[in-house]
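Beneath this line is the structure, given in structure tokens, with notes to follow.
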Amino acid sequence: MKLVQLYADSKEIALYRYKLAYYLNIEGNKKSALAQLNLIENLSGNDELDEELNDELKQKIKELLKSIKDES
Numbered sequence: 015m016k017l018v019q020l021y022a023d024s025k026e027i028a029l030y031r032y033k034l035a036y037y038l039n040i041e042g043n044k045k046s047a048l049a050q051l052n053l054i055e056n057l058s059g060n061d062e063l064d065e066e067l068n069d070e071l072k073q074k075i076k077e078l079l080k081s082i083k084d085e086s
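Residue numbers (my numbering): 15 to 86.
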């Protein structure tokens with residue numbers, strides 16, 4: 015369960031960084047935050063992580079990434 019919380023916390027931090035960069039209009043930071051979100055999403059291919067993550071959380075992350083990419 016700790017792994018799921020770490021995953022969720024990392025996603026929230028990346029989202030916060032992205033939104034902050036977006037509002038401040040700092041292109042480099044937006045790219046960095048988006049790259050971090052993509053990295054977090056790609057971690058779902060990790061077998062150990064997959065065991066602890068449920069489909070709902072994975073879907074939430076995919077939707078979050080899609081909405082952020084659409085804003086860019």
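Even glycine gets a Cβ: it sits at the ideal position worked out from N, Cα and C.
Q: Report, in whole angstroms, the separation of the C-beta atoms of L51 and L29, which I expect to be a contact under 8 Å.
A: Contact between L51 and L29 holds: CB atoms are separated by about 7 Å, below the 8 Å threshold.
**Q.** Outcome for K80 when other beta-carbon atoms lying within 10 angstroms are tallied against a minimum of 16
**A.** It counts as exposed.
Q: Please report how far the alpha carbon of E77 lies from the alpha carbon of N43, in whole angstroms.
A: One C-alpha to the other measures close to 21 Å.
(Q) Please report the straight-line C-alpha distance between A35 and S46, rounded to a whole angstrom. (A) Each residue's Cα considered, the two are about 9 Å apart.
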